[in-house]
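Residue numbers for the sequence shown follow my numbering, so the first one is 507 and each next one is one higher.
Following: one structure in structure tokens, then a few remarks.
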Amino acid sequence: MDFLKNIKIIFTDIKIAHTVFALPFAVMSAFLAAEGMPGLGELTWILIAMFSARNSAMAFNRITDAKIDGLNPRTKDRALPARKSTAKQYWVFLILSSFVFLFSAYMLNSLAFALSPVALVIVFGYSFAKRFTALSHLWLGVAISIAPVGAWVAIREEISIESLVLGAAVVFWLVGFDIIYSCMDVDSDRSNNLHSIPQKFGVRTALRLAFSSHCMMILFLILLLFIPALGWVYFFGVILTAGLLFYEHSLVREDDLLLVNVAFFNINGIISVLLMLFVIVDCTWY
Numbered sequence: 507m508d509f510l511k512n513i514k515i516i517f518t519d520i521k522i523a524h525t526v527f528a529l530p531f532a533v534m535s536a537f538l539a540a541e542g543m544p545g546l547g548e549l550t551w552i553l554i555a556m557f558s559a560r561n562s563a564m565a566f567n568r569i570t571d572a573k574i575d576g577l578n579p580r581t582k583d584r585a586l587p588a589r590k591s592t593a594k595q596y597w598v599f600l601i602l603s604s605f606v607f608l609f610s611a612y613m614l615n616s617l618a619f620a621l622s623p624v625a626l627v628i629v630f631g632y633s634f635a636k637r638f639t640a641l642s643h644l645w646l647g648v649a650i651s652i653a654p655v656g657a658w659v660a661i662r663e664e665i666s667i668e669s670l671v672l673g674a675a676v677v678f679w680l681v682g683f684d685i686i687y688s689c690m691d692v693d694s695d696r697s698n699n700l701h702s703i704p705q706k707f708g709v710r711t712a713l714r715l716a717f718s719s720h721c722m723m724i725l726f727l728i729l730l731l732f733i734p735a736l737g738w739v740y741f742f743g744v745i746l747t748a749g750l751l752f753y754e755h756s757l758v759r760e761d762d763l764l765l766v767n768v769a770f771f772n773i774n775g776i777i778s779v780l781l782m783l784f785v786i787v788d789c790t791w792y
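Okay, structure coming up:
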């Protein structure tokens, strides 16, 4: 019972529901690479790999940021600073999750397995990036973009232009909404010598940069229309995504950050799932 309780605390702490951000992009990339329905075995190992990689990255983040989280009013109730869990429990979870990820990559193909340690280094590195650069949002974007690029590698055992374009869309999407989210931590970042776009340039400029980043995302999504498997159904999904992003930015203002969590989780979760569904429909029904 203690084991299950500890696992529940960790899963709650690393916000397992936020897997909805990266996972749909991995799935849509798998469908694009397969030009239709990917093999069930491949898709299963992709899902396991994405799930375990995120668990590893989040566990590492909670371990390295435990002291910093305790100094931030928004994060002081996380499991480690609040002593709901221990560093040892997190390390065990981290090691097991990393092993599952590496094994999943091994089960996919040799290129996926060869690149899997590189992926872990990138996702772990984000936890240190905010200590020395305001471009930490970009690092996180690159880390999340591993999902679609990795899924393409899993299906075709190659890194293609198409996967990199989808990865770039994910980078700019993540950069945009992570900047918005970071606006809530401006004062804490300044007090603890952490770097972010809002901390460096102020909230007003940060929100403008976030909007510009999301505009870049839409441009990269439009570029994917050159993939033969995609057509008008996907294009409608892109238009809907643009509308949702515009709505997201309408919720957040320099002097009103009360709806940041709605903009961060609800809308972006909807965006990733809807885009995935439109890609699947376009790849399999037409």
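Ideal Cβ positions, reconstructed from N, Cα and C, are used throughout, including at glycine.
Since the structure is predicted, the reported quantities are computational estimates derived from the model, not experimental observations.
**OP:** May I ask you to verify whether the segment 672-691 touches the segment 719-729, counting CB pairs closer than 8 Å and requiring at least 3?
**Re:** Contact between the segment 672-691 and the segment 719-729 is present: 3 or more CB-CB pairs across the two stretches fall below 8 Å.
Original post:
Do the segment 753-762 and the segment 707-718 make contact, defined as three or more Cβ pairs closer than 8 Å?
Top reply: Flag = yes, the segment 753-762 and the segment 707-718 touch.
**OP:** Could you check the C-alpha separation between Ile777 and Tyr596 for me, to the nearest Å?
**Re:** Your numbering for residue 777 matches position 271 in the sequence shown. Your numbering for residue 596 matches position 90 in the sequence shown. Ile777 and Tyr596 have their C-alpha atoms roughly 31 Å apart.
Original post:
Can you give the beta carbon distance from Phe645 to Gly631, rounded, assuming they're within the 8 Å contact cut?
Top reply: On the sequence shown, position 139 is the one that residue 645 refers to. On the sequence shown, position 125 is the one that residue 631 refers to. With the sequence shown as reference, residue 645 is identified as Trp, and Phe is not the correct amino acid for it. Confirmed, about 7 Å.
**OP:** Give the DSSP bridge partners of Arg759, in chain order.
**Re:** Position 253 of the sequence shown, counting from 1, holds the residue named residue 759. Its beta-bridge partners are Asp762.
Subject >> Asp695 (DSSP reduced to helix, strand or coil) >> reply: Within the sequence shown, residue 695 is the residue found at index 189, counting from 1. The answer is helix: DSSP assigns Asp695 an H, G or I state.
Subject >> Same chain only: Cβ atoms within 8 Å of Leu549, ignoring 5 sequence neighbours per side >> reply: For the purposes of this step, residue 549 is identified with residue 43 of the sequence shown, where counting begins at 1. Only Val533 and Ala536 meet the Cβ criterion.
Original post:
What separation, rounded to the nearest whole angstrom, lies between the Cα atoms of Phe741 and Ala660?
Top reply: As a working note, residue 741 is residue 235 in the sequence shown. As a working note, residue 660 is residue 154 in the sequence shown. In a straight line, the C-alpha of Phe741 is about 26 Å away from that of Ala660.
**OP:** Could you have a look at Phe537 and say whether DSSP puts it in helix, strand or coil?
**Re:** The residue given as residue 537 occupies position 31 in the sequence shown. Phe537 falls in the helix class under three-state DSSP.
Subject >> Which of helix, strand or coil DSSP assigns to Lys636 >> reply: Position 130 of the sequence shown, counting from 1, holds the residue named residue 636. Here Lys636 sits in coil by DSSP.
Original post:
Where are the alpha helix (DSSP H) runs, 4 residues long or more, that stay fully inside the segment 518-588, in chain order?
Top reply: You should have 529-540, 546-570 and 572-577.
Subject >> Start-end ranges of the alpha helix (DSSP H) lying completely within the segment 594-678, minimum 4 residues >> reply: Segments of the alpha helix (DSSP H) lying fully in the segment 594-678: 616-635 and 642-662.
**OP:** Express the C-alpha separation of Leu780 and Asn772 in angstroms, rounding to a whole number.
**Re:** Numbered from 1 along the sequence shown, position 266 holds the residue referred to as residue 772. Numbered from 1 along the sequence shown, position 274 holds the residue referred to as residue 780. Straight-line Cα distance between these residues: approximately 12 Å.
Subject >> Leu725 versus Ser669 - alpha carbon distance >> reply: Residue 725 sits at position 219 when you count from the first residue of the sequence shown. Residue 669 sits at position 163 when you count from the first residue of the sequence shown. The straight-line gap separating the alpha-carbon atoms of Leu725 and Ser669 is approximately 15 Å.
Original post:
Would you call the segment 684-695 and the segment 730-747 touching, i.e. three or more CB-CB distances under 8 Å?
Top reply: Using a C-beta cut-off of 8 Å, the segment 684-695 makes no contact with the segment 730-747, since fewer than three inter-stretch Cβ pairs fall below that distance.
Original post:
Where does Gly749 sit, in a helix, a strand or coil, going by DSSP?
Top reply: Counting from one through the sequence shown, the residue named residue 749 turns up at place 243. Gly749: helix per DSSP, three-state reduction.
**OP:** Just mark Ser622 as buried or exposed, buried being the case when its beta carbon has 16 or more other beta carbons within 10 Å.
**Re:** Your numbering for residue 622 matches position 116 in the sequence shown. Buried is the call here.
Subject >> DSSP three-state assignment for Ile733, whether helix, strand or coil >> reply: On the sequence shown, residue 733 is found 227 positions in, with the first residue counted as 1. Residue state, collapsed to three classes: coil.
Subject >> Cα-Cα separation, Phe607 to Leu764 >> reply: The count along the sequence shown starts at 1 and reaches residue 607 at position 101. The count along the sequence shown starts at 1 and reaches residue 764 at position 258. Taking the straight line from one Cα to the other gives about 37 Å.
Subject >> First and last residue of the uninterrupted alpha helix (DSSP H) at Phe707 >> reply: In the sequence shown, counting from the first residue as 1, residue 707 sits at position 201. Going by DSSP, Phe707 is part of the alpha helix (DSSP H) stretching over Ile703 to Phe707.
Original post:
With Ile520 and Ala565 assumed to form a contact (beta carbons below 8 Å), what rounded beta-carbon distance in angstroms separates them?
Top reply: Translated into positions along the sequence shown, residue 520 becomes position 14. Translated into positions along the sequence shown, residue 565 becomes position 59. Rounded to whole angstroms, the Cβ separation of Ile520 and Ala565 is 6 Å, and the two are in contact under 8 Å.
Original post:
Quick one: what does DSSP say Thr790 is sitting in, helix, strand or coil?
Top reply: Translated into the one-based positions of the sequence shown, residue 790 becomes position 284. If DSSP states are grouped into helix, strand and coil, Thr790 belongs with the helices.
Subject >> Ile569 versus Ala563 - alpha carbon distance >> reply: Taking the first residue of the sequence shown as 1, we reach residue 569 at position 63. Taking the first residue of the sequence shown as 1, we reach residue 563 at position 57. When rounded, the distance between both Cα atoms is 10 Å.
Subject >> Ile601, buried or exposed, once every other Cβ within 10 Å from all chains shown has been counted against 16 >> reply: Taking the sequence shown and counting its residues from 1, the one referred to as residue 601 is at position 95. By the neighbour-count rule (16 or more Cβ atoms within 10 Å), Ile601 is not buried but exposed.
Original post:
So what's Thr711 in DSSP terms, helix, strand or just coil?
Top reply: Looking up residue 711 in the sequence shown gives position 205. When secondary structure is reduced to three states using DSSP, Thr711 falls in the helix class.
Original post:
Asp583: buried (16+ other C-beta within 10 angstroms of its C-beta) or exposed?
Top reply: Against the sequence shown, residue 583 aligns to sequence position 77. When all chains shown are included, Asp583 counts as exposed.
**OP:** Give the secondary structure of Ser591 by DSSP, where H, G and I count as helix, E and B as strand, and everything else as coil.
**Re:** As a first step, residue 591 must be located in the sequence shown, where it is residue number 85. Here Ser591 carries a coil assignment [DSSP, helix/strand/coil].
Original post:
Just how far apart, CA to CA, sit Arg580 and Lys590?
Top reply: In the sequence shown, counting from the first residue as 1, residue 580 sits at position 74. In the sequence shown, counting from the first residue as 1, residue 590 sits at position 84. Roughly 16 Å separates the two Cα atoms.
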